[in-house]
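The structure under discussion appears below in the form of structure tokens.
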Amino acid sequence: MLPAIAAQGAGLQLLAAAGGPSLLRLSKVLAGCSMRGFSADTAAAGVAAGGAAQREDPASRVTKHLKDFAKLPWEVDMPADKAAAVLGSYLGVLNLQPAAVLDLDIDQITGILEETTNKGDSALEKALFSHADAVTQRFFGDAVYYRGIVEFSNVCVNDCGYCGIRKHMGGVKRYTIPIDEVVEVAKWAFENRMGTLMLQSGELPTPQRLAYLKELVARVHQETLELDMTQRGLDPKAPPPADAGELGLRVALSVGELPEEHYQELYDAGARRYLLRIESSNPELYAALHPDAMSWHRRVDCLNSLKKIGYMVGTGVMVGLPGQTLRDLAGDIRFFKEMNANMIGMGPYITEAGTPVADMWESMFGHVDKKAHMKAMFDLTTRMNSLARIVVGSANISATTALQAIEPNGREIALRRGCNVLMPILTPTKYREHYQLYEGKPCITDTAEECRKCLNARVSMIGKRLRQGAWGDPPNFLAPVAGVDVRALQQAQSAGVAGAGSAARSYHTSARSYSSAAAQPTAAAAAAAAAAAAADAPLPPGPAKGSDVPRINIGVFGVMNAGKSTLMNAITRQETSIVDATPGTTADVKVSLMELHELGPVKLFDTAGIDEAGQLGEKKRRKTLSALKECDVGVVVVDVQRQQALLRGSGLQESLQESSSSEALQRHLQESLKCEQGVLQDAGHYGVVPLLLLNLKGCRPGPDTQALVRAIQGVLDPSGGQLSLTLDLHDAAADVPGRVASFLQDGVTRSRKRPATRSLPDWALTPEASVFLNIPMDAEMPSMRPTL
Ligand SMILES: Nc1nc2c(ncn2[C@@H]2O[C@H](COP(=O)(O)OP(=O)(O)OP(=O)(O)O)[C@@H](O)[C@H]2O)c(=O)[nH]1
Ligand code: SF4
Ligand SMILES: [Mg+2]
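In this note's numbering, the protein residues as written are 72 to 859.
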């Protein structure tokens, strides 16, 4: 049974009068966009063009729909800490951290969906959206990534009951775009800095299609790589330098179920991502929507094969299918979590006339107001996006085109509710109308150039930034995020804190509005909160040694050449330390006093490697350990590249693929990670919060690196309780400073030291703001400052 349409769901507030601060801000953003070159177009080489000059300009198309809003439809006015409090109150747990990933079980997810969908709980819904946005920010900052899609063929052997290009659908003109034409689109996508190209089609498991695909994948991969090398002044025919970073386009495929050997051959040709939608995690519902020849279990086998080969694997479902329940949808979220989906795409089910599922839908819902129903499905889909973000953590989640088919600002709203990826359609216009999977598919007549401009305008409006040209690999491909086990926490708190268990119950009886839920906790919840607060009260920030300014002390530790100074420079966003490939470049403890935007005043320690041999090495080691004692947070940098080389030298590379917990491998890692383990132990001894930074240092992403990262984490953090971050500090596309800052913030939260209040709030950082700075003058301030 479909969920009832909530009478007072999160409706958009359409007000008669335009204006107000939000609109003012919107107009500024759009003015900014046009200054950044909306009007000066470059020709879309090789891609359908024509008529664009007479057509509506993308920015005005975007604004048209917004002029009646007093509040922008994607805005959520609940701050992250309040959102965590409301969610925690609903779930019956205390002190839920803002932006925490939550390992919710199927009952908890179903409960949230019921509360927000059928009971119209707008406070919980706001908390859900705000928390999802905070988790997105934690892993991606304000970055939004592109995946350009080319629908290169609509030929398909399947008859999925909902699909407008299924094999037996009449009136569809079948096409397959010649390889040269697709390669031209790929080059255009590269020049327009799309980062990834997704090649999509119906399913056709024939040798001819495999040959076509292999050639296409290899050409897109190779030709865009050569283009990139040429533009960087490198010899395009030479092997790419090891430290060149992201070159050319990432190639992604979405071409259905194939034999495992085909997947392998396509991976070998250069494809690195694969999208295969499960459509529903409920096998019975899947069976009802597909012909008998199609099997849910076979699809799951395909997903497993893709994972085994080393693809970044994406999947997705439809929301609002006839016969689907809220529990089915909760099961979908668990499915994503359990397979550690690297990309998630969810769209509302939109009928396509003449398909069996559309007939089914008509017989069940033909009598309802279709517009209102679709709006409810839109809202439900964005709740699903938020839940996926909160539960899975750092996967990429796409704001699907189907959302825009229902609501003109659908994708922008979704980007503020957990999504971080946009997928512009680059299929040349002459083919596009023949790839109509559902009714009202938007942008069918837009050229690729129009589509790109329109998306740029949309992303700027919501205060996010398109990371053009970036591959945007999902962090959870290398390092899945376990998340807080909410059920276990709930039980532990109920056992340990009187009244904590009743927090969930009390939530249901409290008033529905956010302010009353937050400001008037019941007596039981208040008692529980007071008890927990006494136990967990953050310590006031203590004065740093020799200073009367309260600072948080953060140190960076590890072996020589691990990338400690590189990390320090990412923390300070400047060249604080010398970075060089010579081991032992940092020979002493280097202290920097500064104020970081995210943390306030800090004292930073860059240190010498602790593995240097000889007497001098021993002196450096002692100095480093004395700095560790002073720290509140100690980041242990692990050089993954070095571990990979050591493993290769030991001949144990093979055992990595077989089992990351093999005894020989464990023994080897225990030995090669001795220094890092020593620092972690000392940190525990001195009460320093340890953070693990696994520095990939140019290691090629793939199953081997992934398995090694897991094995290292297993040795250094057997209980899985430490905070860790896996990334390449040179990855220009990964917003390294932003991710490092959130990582440190999480660490400081655990240190029980309260970050000082930020001296500059966000409004003060706008170009128009005038701010007087009160600079603290402490014992460590340069002596000449007062005379300046
Ligand atoms: N490709 C790549 N190179 C890195 C990365 N991190 C560090 N490097 C390189 O590794 C070398 C050592 O980096 P540093 O940051 O100086 O390492 P360190 O741990 O401070 O080294 P010492 O001061 O000698 O102990 C330099 O050549 C860096 O450019 C990374 O994430 N990717
Ligand atoms: S959904 Fe995909 S596999 Fe199914 S009929 Fe349509 S194109 Fe073919
Ligand atoms: Mg150094």
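Yeah, the Cβ is synthetic: ideal placement off N, Cα and C, and Gly gets one too.
Check                                                                                                                                                                              : Outcome
Do VAL226 and LEU268 come within 7 Å of each other at the CB atom, strictly closer than that value?                                                                                : no
Which of the three DSSP states is assigned to ALA550 in this structure?                                                                                                            : coil
Going straight from the alpha carbon of SER110 to that of ALA528, what length do you get?                                                                                          : Low per-residue confidence applies at SER110: pLDDT is 23, beneath 50, and the placement is therefore not dependable enough to give any value.
In the stretch 249-309, which residue ranges form an unbroken beta strand (DSSP E) of at least 3 residues, counting only runs that do not cross its ends?                          : 267-272
Tell whether a beta-carbon distance below 7 Å holds between ASP556 and VAL627.                                                                                                     : no
Kindly examine ligand 1 and report whether one of its heavy atoms sits closer than 6 Å to the Cβ of GLY680.                                                                        : yes
For ARG218, tell me which candidate among MET265, LEU281, VAL243 has the shortest Cα-Cα distance.                                                                                  : MET265
Just the Cα atoms here: how many angstroms apart are LEU298 and GLU336?                                                                                                            : 24 Å
For the stretch 296-375, which segments carrying the beta strand (DSSP E) assignment without a break, of at least 3 residues, lie completely within its bounds, in sequence order? : 321-325, 342-346
Since ALA782 and LEU740 should fall inside the 8 Å C-beta cutoff, what is the C-beta to C-beta distance between them, to a whole number of angstroms?                              : 6 Å
Just to confirm the assignment, what range does the beta strand (DSSP E) spanning SER663 have?                                                                                     : 661-667
Rounded to whole angstroms, what's the CA-CA distance from GLN793 to ALA443? Just pull it up for me.                                                                               : 46 Å
Measuring only from the beta carbon, is THR656 closer than 6 Å to any heavy atom that is part of ligand 1?                                                                         : yes
Is it the case that the CB of GLU327 approaches a heavy atom of ligand 2 more closely than 6 Å?                                                                                    : Checking the sequence shown, residue 327 turns out to be Gly, not Glu. It does: the Cβ of GLY327 is within 6 Å (strictly closer) of some heavy atom of ligand 2.
When you compare only the Cα positions, how much space is there between LEU287 and LYS501?                                                                                         : 20 Å
Could you check how far apart the C-beta atoms of MET468 and ASN456 are, in whole angstroms? I think they sit under 8 Å.                                                           : This sequence places Ile at residue 468; Met is not what is there. That pair is a contact at about 6 Å.
Residues in its own chain within less than 8 Å of GLN777 by CB, not counting five upstream and five downstream?                                                                    : GLY381, PHE548, LEU549
For ALA652, which three-state DSSP category applies?                                                                                                                               : coil
Is SER160 near ligand 3, with its Cβ less than 6 Å from a heavy atom?                                                                                                              : no
Alpha carbons only, please: which of ASP788, GLN271, TYR338, LYS308 is nearest the one belonging to LEU764?                                                                        : ASP788
Should the stretch 348-366 be regarded as contacting the stretch 232-242, the criterion being three or more beta carbon pairs within less than 8 Å?                                : yes
Beta carbon of ALA364: closer than 6 Å to some heavy atom of ligand 1?                                                                                                             : no
Helix, strand or coil: how does DSSP classify ASP677 here?                                                                                                                         : strand
Run the CB neighbour count on ALA840, radius 10 Å, all protein chains shown included, and call it buried at 16 or more, exposed below.                                             : exposed
Quick check on this structure: which residue in ASN624, LYS635, LEU318 has the alpha carbon closest to the alpha carbon of GLY758?                                                 : ASN624
Below 6 Å, is the gap between the Cβ of LEU687 and the nearest heavy atom of ligand 1?                                                                                             : no
Less than 6 Å separating the Cβ of SER663 from some heavy atom of ligand 1?                                                                                                        : no
Would you identify the three-state DSSP class for ARG536, choosing helix, strand or coil?                                                                                          : strand
Does ligand 1 have even one heavy atom less than 6 Å from the beta-carbon of ALA633?                                                                                               : yes
What is the DSSP secondary structure of ASP710, reduced to helix, strand or coil?                                                                                                  : strand
How big is the Cα-Cα spacing for TYR585 and LEU451?                                                                                                                                : Note on TYR585: pLDDT 29, under 50, position unreliable in the model; the coordinate value appears next. Whole-angstrom Cα-Cα distance: 20 Å.
Where do the N-terminal and C-terminal ends of the beta strand (DSSP E) with ALA470 fall, by residue?                                                                              : 467-470
Where ASP178 and LYS441 are concerned, what is the direct C-alpha to C-alpha distance, given to the nearest angstrom?                                                              : 30 Å
Given a cut-off of 7 Å, decide if SER465 and VAL552 are closer than it, judged by their beta-carbon atoms.                                                                         : yes
Where does THR422 sit, in a helix, a strand or coil, going by DSSP?                                                                                                                : coil
What is the residue span of the beta strand (DSSP E) that VAL221 lies within?                                                                                                      : 219-224
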